[in-house]
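In my numbering, the protein residues as written are 1 to 74.
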């Protein structure tokens, strides 16, 4: 992939899905009534991962991000 920001976003979404899947599997085995990560929370998890990774790549952590809105995926 040529665009490093796009690649970082896709990677963050994949990792968020993997994290949710791993947690849900673990919670299902560990608790009588597991509270699973809902599918609608995955984009929020991915955006948090993306922000952290972008700040780490660009350094200093002083980047201002606009709030994500629901139209982001249109």
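Built from N, CA and C at the ideal position, the CB exists for glycine as well.
Reducing DSSP to helix, strand and coil, say where residue i ends up.
i: residue 14; result: helix
i: residue 30; result: helix
i: residue 3; result: coil
i: residue 19; result: helix
i: residue 8; result: helix
Kindly give me the distance between the Cβ atoms of residue i and residue j, rounded to whole angstroms, as I take these residues to be in contact under 8 Å.
i: residue 20; j: residue 42; result: 6 Å
Hey, quick one: how far does the alpha helix (DSSP H) through residue i stretch, first residue to last?
i: residue 58; result: 42-58
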